[in-house]
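Structure, as structure tokens:
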DNA sequence: GTAGTATTCGAACGAACGTTCGATAACTAA
DNA sequence: TTAGTTATCGAACGTTCGTTCGAATACTAC
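Residue numbers (my numbering), protein chains in the order written: chain Y, 1 to 218; chain E, 1001 to 1218.
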């Protein structure tokens, strides 16, 4: 057991650089399809040099996933603190936060979504725990909404995971030049989740009026 | 250029067996993570023997994806022929057909969804064409619904791809012992897509009454 | 049986893989 | 300047990869 290596700031910075390059490579080729040599080439570090910063290829994936999840969760907590108490408003904020982070960190989030099964113990467990925490957060928001509106027939688990499906599938099709940006996408998906396609009945901006409640509620 | 090999029925059958085994291996380990040796072992064919049936590992993936997509599309066309003309009923049937096939062919559908980027030309193009055809089908169904209901604010592309997101994400979480079966899942997701979480306001079986129209429409 | 085709596979190929080693260079603290 | 740590990398290790080859076996038609 060696004592923790003392690292200069530049070293931490270089690790971040390597992680950014690895993210891009995993994004392009997938975890299994990518080679350490690809990452060395892109980061302009020698093959052996990478192993000064990281113990294995798997640790690279682990660090990328852990960082992405941790940052996303932190941003969510920060946003929800400033939010109102209406379940709908809070859920809309959750969706917007998720999508903004998702599109701002497209590469990392694809690696997080697509390589969910690529880590093995002990790395897998730690990321899985973060995922559970994030899921629990979303589930509670939907539970609150369900309770407020008396939605007794709603399967919360299916609803939440369907919402995640809509949001996480985006990396397979979203084209920044063609498709709506994060905010507009969030309104769209929140509208679908809350009111279905009918949410778009009257006008494109109907969602603004529905921000504080269900416009069709009696 | 050799003439097409004449194959006995048993040979075609054995190819199917190999494809089934390959599907399982790709399902478990991913395309890049799986080795030809894994597939040989599972199918009880020697490593070299596999190459009598297939020219490359990539062709295995191609055949799996092509078969899954073709069968799915055929089943959809068959179902839609018997369907009524109501846009909602047709869309509900689409969702149910997709999910039934998805859960019945869980392994192949994960391979189809998860390995969408693993094929390279010329294989990639042919599968992409099937995907486009399938997407177009879904898009038309939603367009019909949109027109019937005057949903001018609905971004059809986003709506359809969100629907695909809900459905295709299922392979990441669905647990046959715990979660609803295909039909129940289809009702749930159709409810979400058509009316949002509000679709579950009154009772679990409210969807039955809404089969022929929107229960909340004025 | 015999000829010819269809099927099977042990053994090996070269390439690429993740990782390690030992030496060297760069930096820091005295 | 020196001693000690931090950082870097060329070269190689052993393994696994997808694929091929040539010989052997099973089958079919005559």
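Glycine included, every Cβ here is placed at the ideal spot set by N, Cα and C.
Residue i (DSSP reduced to helix, strand or coil)
i, result
"residue 83 of chain Y", "coil"
"residue 1031 of chain E", "coil"
"residue 1012 of chain E", "helix"
"residue 1154 of chain E", "coil"
"residue 168 of chain Y", "helix"
"residue 1174 of chain E", "coil"
"residue 209 of chain Y", "Note on residue 209 of chain Y: pLDDT 37, under 50, position unreliable in the model; no value is reported."
"residue 1198 of chain E", "helix"
"residue 18 of chain Y", "helix"
"residue 179 of chain Y", "coil"
"residue 162 of chain Y", "helix"
"residue 113 of chain Y", "helix"
"residue 140 of chain Y", "helix"
"residue 216 of chain Y", "The predicted position of residue 216 of chain Y is uncertain, since its pLDDT is 36 and thus under 50; a value taken from the coordinates is nonetheless stated next. Note: residue 216 of chain Y maps to coil in three-state DSSP."
Residue nearest to residue i in terms of C-alpha spacing, selected from the options
i, options, result
"residue 1130 of chain E", "E:1194, E:1102, E:1067 and E:1035", "E:1067"
"residue 41 of chain Y", "Y:25, Y:65 and Y:110", "Y:25"
"residue 1054 of chain E", "E:1011, E:1099 and E:1107", "E:1011"
"residue 1119 of chain E", "E:1031, E:1084 and E:1183", "E:1031"
"residue 60 of chain Y", "Y:92, Y:22, Y:106 and Y:115", "Y:22"
"residue 1169 of chain E", "Y:175, Y:160, Y:177 and Y:191", "Y:160"
"residue 143 of chain Y", "Y:70, Y:155, Y:188 and Y:108", "Y:155"
"residue 1043 of chain E", "E:1179, E:1058, E:1052 and E:1019", "E:1019"
"residue 189 of chain Y", "E:1196, E:1188, E:1092 and E:1186", "E:1196"
"residue 111 of chain Y", "Y:153, Y:33 and Y:140", "Y:33"
"residue 171 of chain Y", "E:1164, E:1039 and E:1081", "E:1164"
"residue 173 of chain Y", "E:1016, E:1162 and E:1106", "E:1162"
"residue 1191 of chain E", "E:1150, E:1167 and E:1101", "E:1167"
"residue 1178 of chain E", "Y:46, Y:158, Y:178 and Y:127", "Y:158"
"residue 1017 of chain E", "E:1028, E:1050, E:1037 and E:1145", "E:1050"
"residue 1175 of chain E", "E:1106, E:1149, E:1151 and E:1014", "E:1106"
"residue 1014 of chain E", "E:1036, E:1052, E:1183 and E:1037", "E:1052"
"residue 1088 of chain E", "E:1149, E:1009, E:1126 and E:1101", "E:1149"
"residue 1071 of chain E", "E:1113, E:1101 and E:1081", "E:1101"
"residue 1028 of chain E", "Y:117, Y:198 and Y:126", "Y:117"
Terminal residues of the alpha helix (DSSP H) in which residue i lies
i, result
"residue 1120 of chain E", "It is not in any alpha helix (DSSP H) - residue 1120 of chain E carries neither H nor E in the DSSP assignment."
"residue 1195 of chain E", "1182-1195"
"residue 1037 of chain E", "1036-1043"
"residue 1048 of chain E", "1047-1053"
Close-in-space but distant-in-sequence residues of the same chain around residue i (CB under 8 Å, 5 per side omitted)
i, result
"residue 181 of chain Y", "103"
"residue 115 of chain Y", "26, 30, 31, 61 and 65"
"residue 1123 of chain E", "1058, 1059, 1061 and 1062"
"residue 1133 of chain E", "1073"
Close Cβ partners of residue i (< 7 Å) along its chain, the five nearest in sequence each way excluded
i, result
"residue 1097 of chain E", "1075, 1076 and 1079"
"residue 1108 of chain E", "1023, 1064 and 1068"
"residue 1036 of chain E", "1047, 1050 and 1057"
Sequence-distant residues of its chain with Cβ nearer than 6 Å to residue i (five each side left out)
i, result
"residue 200 of chain Y", "none"
"residue 185 of chain Y", "99"
"residue 93 of chain Y", "79 and 83"
"residue 135 of chain Y", "none"
"residue 48 of chain Y", "none"
"residue 141 of chain Y", "90, 91 and 94"
"residue 1128 of chain E", "none"
Closer than 7 Å: residue i CB and nearest the ligand GDP heavy atom
i, result
"residue 72 of chain Y", "No copy of the ligand GDP occurs in the structure displayed, which carries no ligand at all."
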